[in-house]
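Worksheet: the structure to be examined is printed underneath.
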Amino acid sequence: MSRHPDASTPGTEATPAAAQFAAHVQYYLTQSPRQLPSRYLYDSLGSALFEAICRLPWYRITRAEERLLVRHAAAVLRQLAPLSSVVELGSGSGEKLRIILGQRGPDPDPLKVHVVDVSASALEATSRAIRAAEAVRVETHLGSYEAGLRSVRESGQGAERTLVLFLGSNIGNYDRPGASALVHGLRGQLGAGDGLLLGTDLVKSERELLLAYDDPLGVTAAFNLNLLERINRELGGDFDPSDYREELRDARFELPGATGPSS
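With the working numbering applied, the sequence shown covers 72 to 334.
Next up, the structure:
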């Protein structure tokens, strides 16, 4: 990438988010191995590609989690009653949140729903998905999980009993130190009587992992390589995605010589 990562697209001024993106690109691509935070995979195109991945026959975790929520969400809600707010970290399409809200039963009590995501298009999709939910007030938070939950708390709207949702095995985007730091940070934001519903995948065979994360249709490859295109679009980079390929190593993707999905 020949263009300096601090540069913005010609004719525009860098926003704080763009400046942070540029700074992270500059920093993480000088590490060994070179990597990038996984949050940057989720621009509008990346979010759409990820939703397509979730519907591929080889990527089963989304459908399995939805089935579990249909069976058990009502029991989770009863365990935390009376529940005042729900915070979802990384909502995606909003389908899982829609399932949970639909398990509240008839004439539900008013509920505040806070949706946190790094993708503006995911926040819009979630708002549409739960628009018909009864007695729900929705507030969206564009930013990191930690910042979004902190914003809920600082607003005073999280003072009552809260259920935090962290689903989709998203914790797998973190290495062990990062996951530990995240969970401890979430614990610090939760109060007595609050709940955390954490969705994780089970151990899979190598064949299953290869099919799920290196799918025959190439959707996952397009999802990962779109990050290089995003750098080109937003930071004036000159990556040629055709020069890169993805490899699955220890259940993680790496783009040799370029990037890997780090948090």
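Here a beta-carbon is modelled for each residue, glycine too, at the ideal position from N, C-alpha and C.
### Query
To which residues of the same chain is V335 closer than 6 Å at the C-beta, ignoring the five residues directly before and after it?
Residue 335 cannot be examined here, being either before or after the span of the chain that is shown, 72 to 334.
### Task
Would you kindly work out how many angstroms separate the C-alpha atoms of E205 and D180, rounded to a whole number?
On the sequence shown, residue 205 is found 134 positions in, with the first residue counted as 1. On the sequence shown, residue 180 is found 109 positions in, with the first residue counted as 1. The alpha-carbon atoms of E205 and D180 are separated by roughly 9 Å.
### Query
How would you write the range of the beta strand (DSSP E) that K183 sits in, first residue to last?
As a working note, residue 183 is residue 112 in the sequence shown. Residues L182 to D188.
### Task
Compute the distance between the beta-carbons of N297 and L116, then report whether it is under 7 Å.
The residue you call residue 297 lines up with position 226 of the sequence shown. The residue you call residue 116 lines up with position 45 of the sequence shown. Result yes, Cβ atoms of N297 and L116 sit closer than 7 Å.
### Cβ-Cβ separation, G163 to E122 (assumed contact under 8 Å), whole Å
Taking the sequence shown and counting its residues from 1, one reaches residue 122 at position 51. Taking the sequence shown and counting its residues from 1, one reaches residue 163 at position 92. At roughly 7 Å, the Cβ-Cβ gap stays under 8 Å, so E122 and G163 are in contact.
### Task
Report the residue from Y111, Y130, P87 and A119 whose alpha carbon sits nearest the alpha carbon of R278.
Position 207 of the sequence shown, counted from the first residue, corresponds to residue 278. The residue with the shortest Cα to Cα distance from R278 is Y130.
### Query
Using the rule of at least 16 other Cβ atoms within 10 Å of the residue's Cβ for burial, across every protein chain shown, is T233 buried or exposed?
On the sequence shown, residue 233 is found 162 positions in, with the first residue counted as 1. So T233 ends up on the buried side.
### Message
In the DSSP assignment, the beta strand (DSSP E) including S156 goes from what residue to what residue?
### Response
Locating residue 156 in the sequence shown gives position 85, where the first residue counts as 1. Where S156 is concerned, the enclosing beta strand (DSSP E) stretches over S156 to L160.
### Task
Within 10 angstroms of the Cβ of R175, are there 16 or more other Cβ atoms? Answer buried if so, exposed if not.
Counting from 1 along the sequence shown, the entry for residue 175 is found at position 104. Result: buried.
#### Entry: 7 Å Cβ cutoff, G308 in contact with chain D
Any reference to chain D falls outside this structure, which holds one protein chain only.
### Task
Using the Cα positions of R169 and Q97, report the straight-line distance between them to the nearest angstrom.
Taking the sequence shown and counting its residues from 1, one reaches residue 169 at position 98. Taking the sequence shown and counting its residues from 1, one reaches residue 97 at position 26. Taking the straight line from one Cα to the other gives about 38 Å.
#### Entry: Assigned exposure category for S276 - 16 Cβ within 10 Å defines buried
For the purposes of this step, residue 276 is identified with residue 205 of the sequence shown, where counting begins at 1. Exposed: under 16 other Cβ atoms inside 10 Å.
### Pairwise C-alpha distance: E231 and S156
Position 85 of the sequence shown, counting from 1, holds the residue named residue 156. Position 160 of the sequence shown, counting from 1, holds the residue named residue 231. Straight-line Cα distance between these residues: approximately 7 Å.
### I132 and D272 closer than 7 Å at C-beta
For the purposes of this step, residue 132 is taken as the residue at position 61 of the sequence shown. For the purposes of this step, residue 272 is taken as the residue at position 201 of the sequence shown. Yes.
### Message
Does P177 come out as helix, strand or coil in the three-state DSSP assignment?
### Response
Counting from 1 along the sequence shown, the entry for residue 177 is found at position 106. Note: P177 maps to coil in three-state DSSP.
### Task
Just the C-alpha distance for C125 and S118, rounded to the nearest angstrom, thanks.
The count along the sequence shown starts at 1 and reaches residue 125 at position 54. The count along the sequence shown starts at 1 and reaches residue 118 at position 47. Whole-angstrom Cα-Cα distance: 11 Å.
### Query
Is L194 buried or exposed, if buried means 16 or more other CB atoms sit within 10 Å of its CB?
Working through the sequence shown from its first residue, we reach residue 194 at position 123. L194 comes out buried.
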